[in-house]
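Please read the structure below before turning to the comments.
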Amino acid sequence: MHYYNEEDLARFGEIGKSRPDLFEKFMAWYQACQEDGALSKREKALIGLAVAITVQCPYCIDAFTQSSLENGSNTEQMTEAIHLASAIRGGASLIHGIQSHNAHDKISM
Amino acid sequence: MQTATIQIRRNGKSALPDSPVSFGEKLKAHNLDLRSTGVEILQVNVGKLCNQACKHCHVDASPTRTEIMSRQVIEACLDVLRTYKIPTLDITGGAPELIPDFRYFVTEAEKTVGKIIIRHNLTVMFEEGQNDLPEFFREKEVEVVSSLPYFLQQQTDAQRGAGVFDKSVEALKKLNAVGYGTDEKLILNLVYNPVGAFLPPVQESIETDFKRELKMRYDVVFNNLYTITNMPIARYLDWLRSSRNEESYMQKLTNAFNPSTVAGLMCRNTLSVDWLGNLYDCDFNQMLEIKVSDESPQTIFDFTPEKLANRKIKTAPHCFGCTAGAGSSCGGTVAV
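Top line first, the protein sequences correspond to chains A and B. Mind the numbering: the first sequence is residues 1 to 109 in the working numbering, read in order. Mind the numbering: the second sequence is residues 110 to 445 in the working numbering, read in order.
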């Protein structure tokens, strides 16, 4: 028994049983964001994968891994997106070191 | 359409995938009737013998298979092509070049049909006695259609076997060297199919990538890229089951059902012939031993076009593979 169930991704629509008007608005927005525009669907799928890694949502990771493959990305390209997301996450932690240094300097002689 | 029932089994299980919905019911829900519009393409599967044994192969082809078409059946196919002026002959296998009468078949067919398509796996060119295939193809001006699931070695070898990618690139260079891909009479088309349980990308988009990458990395050129959806039968179904992807893949195919693909499905203008001369609506039905409707002629020996035109197409859950997304056929996407 684990907390997340892979099968639940396919049940996403069940959220819309309550307040379907809100879910429909969300889905229209969500789908429109992924269509070809100034960015291609493939680029958007890779961005989605990077964000999914960052927010650490297993459903999003499954969905955008599949979406990246179905939009023609390969393992190397997807891995680069994953590294970038992870590096930004690491950088986001590291930059807070300045905050620590500032605090350190403020209270140190 | 007619929903097919089949007898054959695979490793103790049904040879058809489990589907959450019936293909026939899906068509009915969209008021669609799937019938032949006539035989414009005779697709002849000359046998299961192949120099490769790809993981996704719907034919179960391999070097150990012995089923190959006899001269008698080839003559019957040629008679049909001559008598009924069928515009296109599409020769597939296995590796069709490995049967003894392959070159005879092409040479005789060239005298009567407008277009000959050879489904050529590229690596067969390096088998004994096959090194002049590029020149033979050029002489007969056949259209070459070759599988190359990706422009990188890792994905291609994962599906088609170790070393296949390098040999394939070498073969493509040999085809380019005799004019394929550059001479307007010598058409070289490639086939992409997903290396896994997912749908193919947009054909035009991945074609652009293939053209750029193959040119840049290997100085290889080709005409068109066809994207084909993996059909959930035979070895690919085995893989879906062993990797626990059958249910999600079938859900994906059924969710992606696109009614606008139905008008362009290859079963509507193609007739499939097996190595014994039996007739089928498509090469996939052939592998499942789902023959054409009972009212139709059952073999190439009693071919009559008027009895095959307007025939009901036999369907089963695997048909969702041809109607998902932009659709899939031996000529790529089909959605209108």
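Ideal placement from N, C-alpha and C gives every residue a C-beta, glycine not left out. No experiment lies behind these values; they were computed from the predicted model shown.
What residues from chain A crowd round residue i, counting only those whose CB sits closer than 7 Å?
i: Phe307 (chain B); result: Gln66, Leu69 and Glu70
The beta strand (DSSP E) that contains residue i, what's its start and end?
i: Leu417 (chain B); result: Leu417 (chain B) -> not in any beta strand (DSSP E); alpha helix (DSSP H) instead, spanning Pro414 to Leu417.
i: Lys249 (chain B); result: Note, Lys249 (chain B): premise wrong, no beta strand (DSSP E); alpha helix (DSSP H) at Leu242 to Lys249.
i: Lys224 (chain B); result: Lys224 to Arg228
i: Asn333 (chain B); result: Asn333 to Thr336
i: Asp392 (chain B); result: That residue, Asp392 (chain B), is in no beta strand (DSSP E); its alpha helix (DSSP H) goes Asp392 to Met396.
i: Leu198 (chain B); result: Thr197 to Thr201
What does the alpha-carbon distance come out to for the pair residue i and residue j?
i: Gly147 (chain B); j: Glu415 (chain B); result: 8 Å
i: Ile177 (chain B); j: Gly48 (chain A); result: 49 Å
i: Pro129 (chain B); j: Thr424 (chain B); result: 15 Å
i: Asp61 (chain A); j: Ile53 (chain A); result: The amino acid occupying residue 61 (chain A) in the given sequence is Ile; Asp does not appear at that position. Each residue's alpha carbon lies about 6 Å from the other.
i: Ala170 (chain B); j: Leu158 (chain B); result: 6 Å
i: Val330 (chain B); j: Arg247 (chain B); result: 16 Å
i: Arg350 (chain B); j: Ala92 (chain A); result: 42 Å
i: Ser67 (chain A); j: Ala32 (chain A); result: 15 Å
i: Asn74 (chain A); j: Gly436 (chain B); result: 22 Å
i: Ile337 (chain B); j: Val443 (chain B); result: 10 Å
i: Asp188 (chain B); j: Ser381 (chain B); result: 16 Å
i: Ile117 (chain B); j: Thr379 (chain B); result: 24 Å
i: Leu46 (chain A); j: Thr79 (chain A); result: 10 Å
i: Pro309 (chain B); j: Glu322 (chain B); result: 18 Å
i: Ala124 (chain B); j: His427 (chain B); result: 10 Å
i: Leu231 (chain B); j: Pro205 (chain B); result: 11 Å
i: His2 (chain A); j: Ala63 (chain A); result: 19 Å
i: Met396 (chain B); j: Ile15 (chain A); result: 42 Å
i: Ala218 (chain B); j: Arg191 (chain B); result: 8 Å
i: Ser100 (chain A); j: Arg89 (chain A); result: 17 Å
i: Leu281 (chain B); j: Ile208 (chain B); result: 22 Å
i: Asp392 (chain B); j: Tyr345 (chain B); result: 15 Å
i: Asp199 (chain B); j: Glu250 (chain B); result: 13 Å
i: Val278 (chain B); j: Tyr327 (chain B); result: 7 Å
i: Lys224 (chain B); j: Arg377 (chain B); result: 18 Å
i: Phe235 (chain B); j: Val155 (chain B); result: 20 Å
i: Arg174 (chain B); j: Gln181 (chain B); result: 20 Å
i: Leu242 (chain B); j: Cys186 (chain B); result: 22 Å
i: Asp318 (chain B); j: Tyr301 (chain B); result: 11 Å
Counting along the chain, where does the alpha helix (DSSP H) carrying residue i start and finish?
i: Gln262 (chain B); result: Gln262 to Arg269
i: Ile183 (chain B); result: Arg180 to Tyr193
i: Ser381 (chain B); result: Looking at the DSSP string, Ser381 (chain B) is not in any alpha helix (DSSP H); the run it does join, the beta strand (DSSP E), is Thr379 to Val382.
i: Leu151 (chain B); result: No alpha helix (DSSP H) contains Leu151 (chain B), which is instead part of the beta strand (DSSP E) from Ile150 to Asn154.
i: Leu349 (chain B); result: Ala343 to Ser351
i: Phe366 (chain B); result: First-last for Phe366 (chain B): undefined, no H or E at that position.
i: Tyr213 (chain B); result: Phe211 to Glu219
i: Lys164 (chain B); result: Per DSSP, Lys164 (chain B) belongs to no alpha helix (DSSP H) and is neither H nor E.
i: Glu134 (chain B); result: Phe132 to Ala138
Could you work out which residues of chain A lie near residue i, taking near to mean beta carbons separated by less than 9 Å?
i: Pro310 (chain B); result: Lys41, Arg42, Leu69, Glu70, Asn71, Gly72 and Ser73
When you compare the CB of residue i with every CB in chain C, is at least one pair closer than 8 Å?
i: Ser314 (chain B); result: Checking the listed chains, one finds no chain C in this structure; the protein chains it contains are A and B.
Members of the segment 79–92 of chain A that neighbour chain B once the beta carbon cut-off is set at 7 Å: Contacts with chain B (Cβ-Cβ distance below 7 Å) from the segment 79–92 of chain A involve no residue at all.
Segments of 4+ residues assigned as alpha helix (DSSP H) that fall wholly inside the segment 16–78 of chain A: Counting only runs of 4 or more, we get 20–33, 41–55 and 58–70.
Contact residues within the segment 248–265 of chain B, judged by C-beta distance below 8 Å to chain A: Using a CB distance below 8 Å, the part of the segment 248–265 of chain B facing chain A consists of Tyr259, Leu261, Gln263 and Gln264, ordered along the chain.
What are the residues of the segment 317–337 of chain B that lie near chain A, defined by any Cβ-Cβ distance shorter than 8 Å? Residues of the segment 317–337 of chain B with a C-beta less than 8 Å from any C-beta of chain A: Asp318, listed in chain order.
Let me know the alpha helix (DSSP H) ranges lying completely inside the segment 255–325 of chain B, each 4 residues or longer, listed in chain order. Annotation note: the segment 255–325 of chain B contains the following uninterrupted alpha helix (DSSP H) runs of length 4 or greater, listed N- to C-terminal: 262–269 and 273–286.
Please name the residues in the segment 5–18 of chain A whose beta-carbon is closer than 7 Å to at least one beta-carbon of chain B, in chain order. Legend: CB atoms of the segment 5–18 of chain A lying less than 7 Å from CB atoms of chain B belong to residues Ala10.
Note down, in chain order, all residues in the segment 352–369 of chain B with a beta-carbon under 7 Å from any beta-carbon belonging to chain A. Of all residues in the segment 352–369 of chain B, Gln360 have a Cβ within less than 7 Å of some Cβ in chain A.
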